[in-house]
Amino acid sequence: MGAVRIAAVGDVHAGADRESTERLDAGLDRLADQADLLLLAGDLTRCGTPEEVRVVADAVARAGVPTAAVLGNHDHHAGRPGEVVDVLESARVSVLEGTAATFEVAGRRVGVAGTKGFGGGFAGACVSEFGEAETKAFARHTTEVADRLRAAMAMCDGADVRIVLLHYSPVRDTLRGESPELYPFLGSYLLAEAIDDAGADLVVHGHAHNGSERGMTPGGVRVRNVAQPVIRSAYRVFELRPDERPAARAATGAGRT
Amino acid sequence: MSGEPEYVAEHLRTGLATDGRLHELGLDVSVIGTTIVVRGAVSSLAQRDAVGTIASELAPGAEIVNDVEVVPSRRPDSAEAEELG
Chain Y
1 MGAVRIAAVG
11 DVHAGADRES
21 TERLDAGLDR
31 LADQADLLLL
41 AGDLTRCGTP
51 EEVRVVADAV
61 ARAGVPTAAV
71 LGNHDHHAGR
81 PGEVVDVLES
91 ARVSVLEGTA
101 ATFEVAGRRV
111 GVAGTKGFGG
121 GFAGACVSEF
131 GEAETKAFAR
141 HTTEVADRLR
151 AAMAMCDGAD
161 VRIVLLHYSP
171 VRDTLRGESP
181 ELYPFLGSYL
191 LAEAIDDAGA
201 DLVVHGHAHN
211 GSERGMTPGG
221 VRVRNVAQPV
231 IRSAYRVFEL
241 RPDERPAARA
251 ATGAGRT
Chain S
258 MSGEPEYVAE
268 HLRTGLATDG
278 RLHELGLDVS
288 VIGTTIVVRG
298 AVSSLAQRDA
308 VGTIASELAP
318 GAEIVNDVEV
328 VPSRRPDSAE
338 AEELG
């Protein structure tokens, strides 16, 4: 069998205007020829309004490719994330938050586990659940989303291909280019730890506009930052060939390489 | 324009992030004398124009150099697909 082709992009930051519609339509007009599945890695909108996300939902519907999405911090800004999700789901987009969706594409079962993720930082420079209530709430949210990611990944057991979809980064690698002072607001190692415990074939995220494209978790799972300012195109396509993996890896389902 | 350049730059960066006409968090602001240079990327021409408008409002009298680009969103060629095995 041929490869499973996964298209992914984050941070398209659509507005409720014609320029955004034209930009999305032009970028996605060949998507169905190039990919079996589209992943949207958060920050679909600028302010998180239903009007903005309608632009994205309509463009994705016209593209005609099964789609999964997570929300990003911009999609929460207006305080209407439930309405944003409703608009996307009305366009048959699977919106993931501590949940997983399985797609039958190219003759394979592709499991996608997703969460927005959150900040908190990386080994040696992490926020801890200690001190003021505000600090504890920040740290606790990261722990909660990492726990939700673990639960979501368990739902992907048995899939031929396992993908993790995030907005925030699980690793430092893909933040190279950002100011180090910002790292605690761009991702958390707790996400990578959850991914390594379960195993995955690929992680995609956005959020870090000034970051780098390629990275790897400490356990060896490939990570790609698909924020549009980083990939500088409508989307990236990743080709995965689960049939050609070493038998031992396929048998255990481990994502570590 | 008054205040130390570092404060001016950060107040402007905050304004660009929080102003409802833009909401862009990833821009770089430099203050050089009475000139303010804004660099980075946005997702539309209208947003690029909003950078100049907001900067002029927040720093009246300063010369604004709007060096912000609109992120390319062209469709990729099939040959650009990354083979991950």
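Chains as they are written, first to last, in my numbering: chain Y, 1 to 257; chain S, 258 to 342.
Just so you know, even glycine gets a beta-carbon here, dropped at the ideal spot from N, CA and C.
{"query": "Status (buried if at least 16 other CB within 10 Å, exposed otherwise) for P317 of chain S", "result": "exposed"}
{"query": "Where the alpha helix (DSSP H) containing L149 of chain Y begins and where it ends", "result": "A133 to A154"}
{"query": "Distance, T143 of chain Y Cα to K136 of chain Y Cα", "result": "11 Å"}
{"query": "Segment contact, 8 Å Cβ cut-off, at least three pairs: the stretch 147 to 162 of chain Y with the stretch 173 to 187 of chain Y", "result": "no"}
{"query": "Outcome for P180 of chain Y when other beta-carbon atoms lying within 10 angstroms are tallied against a minimum of 16", "result": "exposed"}
{"query": "Neighbour-count burial assignment, A336 of chain S, 16 or more Cβ in a 10 Å radius", "result": "exposed"}
{"query": "Three-way DSSP call (helix, strand, coil) for H209 of chain Y in this model", "result": "coil"}
{"query": "Unbroken alpha helix (DSSP H) run spanning L24 of chain Y, endpoints", "result": "R18 to L28"}
{"query": "Inter-residue spacing [alpha-carbon to alpha-carbon] between L96 of chain Y and G290 of chain S", "result": "48 Å"}
{"query": "Interface positions of the stretch 229 to 249 of chain Y facing chain A (Cβ-Cβ less than 8 Å), listed along the chain", "result": "Reference to chain A is not applicable here, since the protein chains of this structure are Y and S."}
{"query": "Which residues DSSP lists as bridging C126 of chain Y, in chain order", "result": "Y:G121"}
{"query": "Same chain, Cβ closer than 6 Å to I6 of chain Y, five either side skipped, listed in chain order", "result": "L37 and F238"}
{"query": "Residues of its chain near R214 of chain Y, where Cβ-Cβ distance is below 8 Å and the 5 sequence neighbours each way are ignored", "result": "D173, T174, R222, V223, R224 and N225"}
{"query": "Where G255 of chain Y sits in the DSSP three-state scheme", "result": "Since pLDDT at G255 of chain Y reaches only 46, below the 50 mark, its modelled position is unreliable, and the value read off the structure follows with that caveat. In the structure shown, G255 of chain Y sits in coil (DSSP, three-state: anything other than H, G, I, E or B)."}
{"query": "Members of the stretch 261 to 288 of chain S that neighbour chain Y once the beta carbon cut-off is set at 9 Å", "result": "G277, L279, H280, E281, L282, G283 and D285"}
{"query": "Spatially closest choice to V288 of chain S from S:S330, S:I321 and S:P329, by CA coordinates", "result": "S:I321"}
{"query": "Test: P317 of chain S CB closer than 8 Å to a CB of chain Y", "result": "no"}
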